[in-house]
Amino acid sequence: MYDKGPFRNKKAVLSITTGGSNSMYSLQGVHGDMNIILWPIQSGTLHFCGFQVLEPQLTYSVGHIPADARIQVLEGWKKRLENIWDETPLYFAPSSFFDLNFQAGFLMKKEVQEEQKNKKCGLSVGHHLGKSIPTDNQIKARE
Numbered sequence: 001m002y003d004k005g006p007f008r009n010k011k012a013v014l015s016i017t018t019g020g021s022n023s024m025y026s027l028q029g030v031h032g033d034m035n036i037i038l039w040p041i042q043s044g045t046l047h048f049c050g051f052q053v054l055e056p057q058l059t060y061s062v063g064h065i066p067a068d069a070r071i072q073v074l075e076g077w078k079k080r081l082e083n084i085w086d087e088t089p090l091y092f093a094p095s096s097f098f099d100l101n102f103q104a105g106f107l108m109k110k111e112v113q114e115e116q117k118n119k120k121c122g123l124s125v126g127h128h129l130g131k132s133i134p135t136d137n138q139i140k141a142r143e
């Protein structure tokens, strides 16, 4: 499972179109933060199976943008696909950060928690450790 899963040498990317605008999927938006929406799919499904998850291809408000803007979106997606195999995957806490057994409860190791204690943000959307969620953790790969 996770970085040792059966698909660990494969990459996955979500291509998502929305009826709503970018702002509707923001921290203050009516639908909530897109990072939170994507976490169960990208971590709980794709990363759980071992996939290296790439930045999602997000197109907001597709039904409300002009035809020429839709053409630009498609051209951008086409260009991205030409080099997609070279992209850096999104960050997920490695399985080595956890005690992966029933006796330990599959919890984050104490030494990892201690190392993260004074950091401003948590590791990810799902492993925030009661802190701020890293900005765009499920939308942008770490540099």
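The sequence shown maps to residues 1 to 143 in full-length UniProt numbering.
Yeah, the Cβ is synthetic: ideal placement off N, Cα and C, and Gly gets one too.
Within its own chain, the residues whose Cβ lies closer than 8 Å to the Cβ of Gln57, once the five positions on either side in sequence are excluded, are Val13, Leu14, Ser15, Ile16, Trp77, Arg80, listed in chain order. Counting every other CB atom within 10 Å of its CB across the protein chains shown gives Pro134 a total of 16 or more, marking it as buried. With 16 or more neighbouring CB atoms inside 10 Å of its own CB, Glu55 falls in the buried class.
For Ala12, the beta-bridge partners assigned by DSSP are Val53. Contact between the segment 42-54 and the segment 83-93 is present: 3 or more CB-CB pairs across the two stretches fall below 8 Å. Inclusion of Cys121 and Lys131 in the CB contact set at 8 Å is warranted, their separation being smaller than that value.
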